[in-house]
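Okay, so here's the structure we're looking at.
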Amino acid sequence: MRVGLICPYSLSVPGGVQYQVLGLARALRGLGHDARVLAPCDGPPPDAGVTPLGMSIPTAANGSVAPIAPDPAAQLRLMRALRDERFDVLNLHEPLVPGPNMTACLFKSEPLVGTFHAAGRIGAYTWARPALAWLATRLDRRVVVSEDARDLAETALGGTYDLFFNGIEVDRFAKATPWPTDGPTIFFIGRHEPRKGLAVLLEAMAELPPDVRLWVGGTGPDTDMLRARHAGDPRIEWLGRISDEEKARRIRGASAFCTPSLGGESFGIVLLEGMAARTPVVAADLPGYRNVARAGRDALLPPPGDVAALARALRTVLTDADRAASLVESGIERAQHFSMDALAARYLDLFDEVLASR
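Numbered by the UniProt record's numbering, the letters in the sequence shown go through residues 1 to 358 in order.
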């Protein structure tokens, strides 16, 4: 089967949707199918199976900044690629984001499966609801990655949805070579913006023992402000943007993996990365994170934004070896339930159903 996966976000920028699209394509190829990703790229494509559609334009969306490509040049590249590749089916991730996915819906020539990732509130679903609801009718089947994503899509667009939880390439994290450390070390990676909760974690560091170090990966609009605010703490190492390989190695080498987001998380794939890497996970108690982590069993989930509670949870996994080991053991088992290969098999069954119905 020839499958085209379209991602609206630049593959040069780290993100959950980008990770899912690339990982799903690799898993489909591993199962013997011809899968290709079509997406914006602001640099060299990160994978040999990628058709770049041009540069992205940073756009404010859902409390963050989305690197999308709504320009005419990207749409022309997409249409040429679809003409040349002759895919059997297209899988559009976030199908209603302006850019290549909208174009694929408007000029539909292949069966379309749309995967909805977003949760929370999307302004466009309010002011452009009639147009988006019509555009969604162009999809042959609709998939959501979480119950929260289903709630948003059903309320805004109507229709019915299959629930396919996101997947993770387990071996990529389980077999990563641990990054060396000099003592108890916490790892954070994500966009430096209020929604990701980095400011809360940095404040919590003041309540942790002096030998605890913090690796901070990623960049964002709050980077300079946060670095200036905590410039006097030598325990904090600012890594900037890092490769996927380094990310996996640092998760594997850390004593604790912390994801203290404040909201807007549809699915906790980042928590699964920590579990697969055999690292204790401390995250915020969000509905999206509870999709994958059973509180107190697979991860510690203090209330979002609570500095003292976050510090207590981190102190627990850093000082209580038995508790940390229990979280790791349960987390390894949990991560296996969300393997990318299993997810790819489910998508293949769905693609077969769509093709048969055509």
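Backbone N, C-alpha and C fix where the C-beta goes; we use that ideal spot for every residue, glycine too.
The model shown is predicted, which means the values in this text are computed figures rather than measured ones.
How is residue i classed by DSSP in three states: helix, strand or coil?
{"i": "Cys105", "result": "helix"}
{"i": "Ser146", "result": "coil"}
{"i": "Val328", "result": "helix"}
{"i": "Gly4", "result": "strand"}
{"i": "Trp238", "result": "strand"}
{"i": "Phe267", "result": "coil"}
{"i": "Arg141", "result": "strand"}
{"i": "Ala35", "result": "strand"}
{"i": "Ser357", "result": "helix"}
{"i": "Asp233", "result": "coil"}
{"i": "Pro98", "result": "coil"}
{"i": "Pro287", "result": "helix"}
{"i": "Val212", "result": "coil"}
{"i": "Ala174", "result": "helix"}
{"i": "Ala299", "result": "strand"}
{"i": "Gly16", "result": "helix"}
{"i": "Thr219", "result": "coil"}
In the DSSP assignment, what residue or residues form a beta bridge with residue i?
{"i": "Pro58", "result": "Pro67"}
{"i": "Ala256", "result": "Ile186"}
{"i": "Val281", "result": "Phe257"}
{"i": "Val89", "result": "Val3"}
{"i": "Ala344", "result": "Answer is none; Ala344 lacks a bridge partner."}
{"i": "Ile168", "result": "Ser339"}
{"i": "Val113", "result": "Asn91, Arg141"}
{"i": "Asp162", "result": "Val143"}
{"i": "Thr51", "result": "Leu38"}
Our contact map puts residue i next to residue j with C-beta atoms below 8 Å; I'd like the distance itself, whole angstroms only.
{"i": "Ala39", "j": "Leu53", "result": "6 Å"}
{"i": "Gly197", "j": "Ala284", "result": "6 Å"}
{"i": "Arg138", "j": "Lys108", "result": "5 Å"}
{"i": "Gly264", "j": "Arg195", "result": "5 Å"}
{"i": "Arg235", "j": "Arg213", "result": "5 Å"}
{"i": "Pro304", "j": "Ser261", "result": "7 Å"}
{"i": "Glu85", "j": "Arg36", "result": "7 Å"}
{"i": "Arg252", "j": "Trp179", "result": "7 Å"}
{"i": "Leu201", "j": "Leu310", "result": "7 Å"}
{"i": "Gly288", "j": "Ala119", "result": "6 Å"}
{"i": "Ala308", "j": "Ala299", "result": "Not really, about 18 Å apart at Cβ, beyond 8 Å."}
{"i": "residue 371", "j": "Ile186", "result": "Because the chain in this structure spans residues 1 to 358, residue 371 falls outside the shown range and cannot be described."}
{"i": "Asp222", "j": "Glu193", "result": "6 Å"}
Smallest Cα separation from residue i: which of the options?
{"i": "Thr181", "options": "Asp211, Arg323, Asp84", "result": "Asp211"}
{"i": "Ala204", "options": "Ala248, Pro302, Val89", "result": "Pro302"}
{"i": "Ala174", "options": "Leu5, Val328, Ala345", "result": "Val328"}
{"i": "Ala295", "options": "Pro67, Leu271, Gly305, Arg278", "result": "Leu271"}
{"i": "Thr135", "options": "Pro70, Gly114, Pro45", "result": "Note on residue identity: the sequence assigns Leu, not Thr, to residue 135. Out of Pro70, Gly114, Pro45, Gly114 has the C-alpha closest to the C-alpha of Leu135."}
{"i": "Asn291", "options": "Leu163, Cys258, Ala66, Cys105", "result": "Leu163"}
{"i": "Val354", "options": "Pro14, Val13, Asp140, Arg83", "result": "Asp140"}
{"i": "residue 388", "options": "Val13, Leu208, Ala153", "result": "In the structure displayed, the chain extends from 1 to 358; residue 388 sits before or after that span and is not available."}
{"i": "Arg172", "options": "Ala248, Ser326, Arg278", "result": "Ala248"}
{"i": "Asp224", "options": "Arg250, Leu208, Arg191", "result": "Arg191"}
{"i": "Val50", "options": "Cys41, Pro58, Ser56", "result": "Cys41"}
{"i": "Arg346", "options": "Ile189, Val145, Val97", "result": "Val145"}
{"i": "Pro8", "options": "Pro44, Pro46, Ala206, Gln75", "result": "Gln75"}
{"i": "Leu343", "options": "Leu286, Thr177, Ala27", "result": "Ala27"}
{"i": "Phe87", "options": "Leu78, Glu110, Pro95, Met102", "result": "Glu110"}
{"i": "Ala131", "options": "Val143, Arg142, Ser326, Cys105", "result": "Cys105"}
{"i": "Asp306", "options": "Thr259, Leu348, Tyr161, Asp298", "result": "Thr259"}
{"i": "Gln20", "options": "Pro67, Ala69, Gly220, Glu94", "result": "Glu94"}
{"i": "Arg334", "options": "Leu92, Thr279, Val216, Leu286", "result": "Thr279"}
{"i": "Pro44", "options": "Thr59, Val65, Leu11", "result": "Leu11"}
{"i": "Ala313", "options": "Pro72, Val282, Gly331, Ile332", "result": "Val282"}
{"i": "Trp238", "options": "Pro221, Arg250, Asp222, Trp215", "result": "Trp215"}
{"i": "Ala73", "options": "Ser56, Asp222, Ala293", "result": "Ser56"}
{"i": "Pro46", "options": "Leu22, Pro221, Ala69, Asp34", "result": "Leu22"}
{"i": "Pro209", "options": "Glu246, Ile189, Arg315, Phe116", "result": "Arg315"}
{"i": "Gly268", "options": "Gly16, Ile6, Arg2", "result": "Gly16"}
Answer yes or no: the CB of residue i versus the heavy atoms of the ligand ZN, is any distance below 7 Å?
{"i": "Phe267", "result": "For the ligand ZN, the structure offers nothing, since it holds no ligand at all."}
Between the region 138 to 152 and the region 315 to 324, do three or more beta carbon pairs fall short of 8 Å? Short answer: they don't touch.
With a threshold of 8 Å, are at least 3 pairs of Cβ atoms found where one atom belongs to the region 155 to 170 and the other to the region 337 to 347? In short, these stretches touch, since the Cβ pair count reaches three.
Check whether the region 153 to 160 and the region 274 to 282 are in contact - that is, three or more C-beta pairs closer than 8 Å. No, the region 153 to 160 does not touch the region 274 to 282.
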